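Student:
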Amino acid sequence: MAAKPSRWYFSLRSPYSWLAHHDLLAHYPDVADRVEWIPFWEPDERTQAILDDDGVRLPIVDMSRAKNFYILQDARRLAEARGLSVTWPVDRDPNWEIAHLGYLVAEAAGRGREYAALVYRARWLESRDITDRATIAEIATELGLDAARVAGAADDPEIRRQGADTLIRSYKDGLFGVPFFLHGRDKYFGVDRLRAWVAKVRGEAPEAGVELDWLAGADRSEPVRAGADIGPAGGCG
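full-length UniProt numbering numbers the first residue of the sequence shown as 1 and each following residue consecutively.
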């Protein structure tokens, strides 16, 4: 059996995934080109019904208010350490299928990475609502993609099924938080594990003290939505 490709799971709504995305492209573009990019998101009721039929329950549990406020502070600190000025968006009853199923359409057209970069920019640097179809349509247009197809991906039963299969894959891979990195059987969770994963992908021995000083303490679980958590600290682990 062929070995599974090295891969990383990211969420377009996640500040820690955004920071990992920034570091991956800024410091390790060779690895970004070699690995598989797989989105993860909190499913809506329609996708959850598909997962239920397949006996899959993603590890999403309630998150405390204190932890939520901590993440707001922590993500801002880490962004500032990278010279990024984060603008924290306000999510009101978001449907994450809109942006993430749109990613699958963009990926199929060979523009997945560019799409992810623009969605991250819209959310974290421009404080725009990435669950608004108009936002996604504008991004698709900027990339020369079919705006209606990308922004309306959640209405397509085939793409909806593909999205459910993507989430099922995350479940089988043992994902419990994002960003989540895999190389063979080795798993790495959190933005501060990026360098260790990169070393594995490159076939290099990990450096002593592989975590960057300004990433110390960055291993934080990522909330899926307000009041929910898929990380181990206070979550499911």
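Note that the Cβ used here is the ideal one computed from N, Cα and C, for glycine as well. Just so it is clear, the structure is predicted and the values come from calculations on it, not from any experiment.
#1: Taking PHE181 as the reference, which of ALA140, ILE38 and ASN68 has the closest Cα?
#2: Return yes when the Cβ of LEU72 is within less than 8 Å of the Cβ of GLY163, no when it is not.
#3: Please list, in chain order, all residues of the same chain as SER127 whose beta carbon is under 6 Å from its beta carbon, the five residues on each side excluded.
#4: Assuming ALA153 contacts VAL105 under a Cβ cut-off of 8 Å, what Cβ separation, rounded to an integer in Å, is found between them?
#5: If you draw a straight line from the C-alpha of SER170 to the C-alpha of TYR9, how long is it?
#6: Please confirm whether LEU12 and TYR120 have their CB atoms less than 8 Å apart.
#7: Residue range of the alpha helix (DSSP H) that ARG113 falls in?
#8: Taking the straight line between their C-alpha atoms, what separation do you get for ILE50 and THR131?
#9: Closest to ALA116 by CA distance: which of LEU24, LEU84, GLU80 and ARG202 is it?
#10: What is the residue span of the beta strand (DSSP E) that TYR9 lies within?
Tutor: Reading it off the structure:
#1: By one-based count along the sequence shown, residue 181 stands at place 181. Selected option, being the one with the closest Cα: ILE38.
#2: The residue given as residue 163 occupies position 163 in the sequence shown. The residue given as residue 72 occupies position 72 in the sequence shown. Result no, Cβ atoms of GLY163 and LEU72 do not sit closer than 8 Å.
#3: To locate residue 127, count along the sequence shown from 1; it is residue 127. Hits under 6 Å: THR87 and PRO89.
#4: Sequence index remark: in the sequence shown, residue 153 carries index 153 (1-based). Sequence index remark: in the sequence shown, residue 105 carries index 105 (1-based). ALA153 to VAL105, Cβ: 5 Å. Contact.
#5: In the sequence shown, residue 170 corresponds to position 170, counting from 1. In the sequence shown, residue 9 corresponds to position 9, counting from 1. Cα-Cα distance, rounded: 8 Å.
#6: The sequence position of residue 12 within the sequence shown is 12, counting from 1. The sequence position of residue 120 within the sequence shown is 120, counting from 1. Closer than 8 Å, so yes.
#7: Taking the sequence shown and counting its residues from 1, the one referred to as residue 113 is at position 113. Taken as a continuous stretch (DSSP letters only), the alpha helix (DSSP H) holding ARG113 covers 112 to 120.
#8: For the purposes of this step, residue 50 is identified with residue 50 of the sequence shown, where counting begins at 1. For the purposes of this step, residue 131 is identified with residue 131 of the sequence shown, where counting begins at 1. Their Cα atoms are separated by approximately 21 Å.
#9: By one-based count along the sequence shown, residue 116 stands at place 116. With distances taken between Cα atoms, ALA116 lies closest to LEU24.
#10: Along the sequence shown, read from residue 1 onward, the residue named residue 9 stands at position 9. Counting along the chain, the beta strand (DSSP E) containing TYR9 begins and ends at 7 to 10.
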